[in-house]
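Have a look at the structure below, then the notes.
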Amino acid sequence: MSQLPESASYSTVVDTYDRPLKSLRLSVTDRCNLRCQYCMPEEDYVWLPREDVFTFEEMATLTGYFSDLGVDKVRLTGGEPLLRRDLSRLVRLLLHDRRITEIALTTNGILLANQAQELYDAGLHRVTVSLDTLRPERFRQLTRRDEFARVIEGIESVGKVGFTNLKLDTVVIRGFNDDELVGLIEFAKHYQAEVRFIEYMDVGGANAWAMEKVFSRSMILDQLSQHYGPIVPLPERGAAPAQRFLLPDGTSFGIIPSTTTPFCALCDRSRLTADGMWYLCLYASSGTDLRKPLRMGASADEMRSMIRAGWEARRDRGAEERKALERVGLRDGGLIGIDRLREDPHLEMHARGG
120 MSQLPESASY STVVDTYDRP LKSLRLSVTD RCNLRCQYCM PEEDYVWLPR
170 EDVFTFEEMA TLTGYFSDLG VDKVRLTGGE PLLRRDLSRL VRLLLHDRRI
220 TEIALTTNGI LLANQAQELY DAGLHRVTVS LDTLRPERFR QLTRRDEFAR
270 VIEGIESVGK VGFTNLKLDT VVIRGFNDDE LVGLIEFAKH YQAEVRFIEY
320 MDVGGANAWA MEKVFSRSMI LDQLSQHYGP IVPLPERGAA PAQRFLLPDG
370 TSFGIIPSTT TPFCALCDRS RLTADGMWYL CLYASSGTDL RKPLRMGASA
420 DEMRSMIRAG WEARRDRGAE ERKALERVGL RDGGLIGIDR LREDPHLEMH
470 ARGG
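Going from the sequence shown to our numbering is simple: count from 1 and add 119.
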């Protein structure tokens with residue numbers, strides 16, 4: 120773990136747009152047990168070399184350098200993070216750093232029922248489960264796996280072991296699952312969860328994204344207001360990606376409108392892959408290798424200086440830049456060509472997390 124000298128003091132670093140470094144998406148593996156059409160549509164991928172993947176101790180050490188510079192929230196992602204054996208041990212290691220105020224997990228839920236109790240006991244604060252449909256046959260079509268029942272079992276386990284504030288993330292794809300919005304909200308009520316509807320994003324490149332598949336924030340609100348009545352926006356919560364709303368009965372839900380209404384101006388998060396590549400934006404095509412200096416014995420000051428310099432030079436506004444392409448008719452199609460994705464596995468979302 121990063122240990123600061125008693126006399127040392129570090130302020131939160133900001134980038135060229137005064138965005139602070141506060142949140143870290145920590146991918147613990149690039150492997151996944153689903154093949155979702157919007158994320159990993161191919162059966163086979165080029166995986167990160169096993170010897171390059173960080174140990175939990177290395178992840179905790181590197182996270183400590185980030186918290187030295189202002190990071191206080193960590194989200195464990197993948198691939199599917201629960202494929203990484205004994206993930207609760209990483210949670211415990213991270214919580215040794217008292218500056219980390221929140222550790223959250225995003226999972227597809229398949230393995231959650233078997234691990235929820237140990238994760239809760241380890242001190243994990245929050246769980247988000249990806250749930251794009253309530254129809255088993257549609258789930259199988261989307262994911263190419265027959266695991267719907269285990270996902271539901273995982274969701275049920277969250278409240279049973281003591282977690283609160285469960286989130287359900289739904290990628291809304293026009294013409295596929297946009298007829299399930301009301302059903303998902305009603306399902307979430309049963310588990311005292313909050314649904315976050317996510318606009319289909321043109322990240323990665325193998326998913327055959329097209330603008331016509333995007334079910335926008337305004338479409339989501341129109342559909343829900345027709346069913347529930349007037350919807351009230353809730354106050355913004357700083358740099359949180361979701362815009363939250365309130366139904367007439369007091370039920371809240373969120374929308375992450377990255378495609379049609381980018382929130383780059385408030386983005387305080389960066390992403391670290393399981394093998395130590397650091398990306399400053401979900402849309403970034405290049406990153407900084409932090410594994411090599413860490414394993415070559417760089418000092419704590421050298422690691423902090425590298426991270427500080429990277430963030431202070433950050434100019435990324437990837438979602439806004441992608442949206443600007445609409446004006447000249449160049450947005451449709453993948454962000455990155457499939458051949459390049461095969462050459463560099465870091466460029467697809469299963470390697471860097473969402």
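Beta carbons: idealized from backbone N, C-alpha and C, even for Gly. Please read all numbers here as calculations on a predicted model, not as lab measurements.
Distance between L250 and A419, taken at the CA atoms: about 40 Å. About 23 Å separates the beta carbon of D321 from that of L167, a gap too long to meet the 8 Å contact definition. In the three-state reduction of the DSSP assignment, R356 falls in the coil class.
Of the residues assessed, G348 falls on the exposed side of the cut-off, its CB having fewer than 16 other CB atoms within 10 angstroms. Listed as beta-bridge partners of M396 by DSSP are D408. Taking one beta carbon from each stretch, the segment 277-289 and the segment 342-356 have fewer than 3 pairs nearer than 8 Å; the two do not touch.
By the Cβ rule, the segment 335-345 counts as touching the segment 366-382, because three or more pairs are nearer than 8 Å. Judged by DSSP secondary structure, A428 falls within the alpha helix (DSSP H) whose first and last residues are A419 to E431. For K286, the three-state secondary structure derived from DSSP is strand. In this structure, DSSP gives L391 an extended state, which the three-state scheme calls strand. Excluding sequence positions up to five before and after C386, its CB lies within less than 7 Å of the CB of R138 and A358, all in the same chain and listed in chain order. Residue pairing by DSSP places P139 opposite V133 in a beta bridge.
Judged by DSSP in its simplified three-state form, G302 adopts helix. In the three-state reduction of the DSSP assignment, I219 falls in the coil class, being assigned neither a helical nor a strand state.
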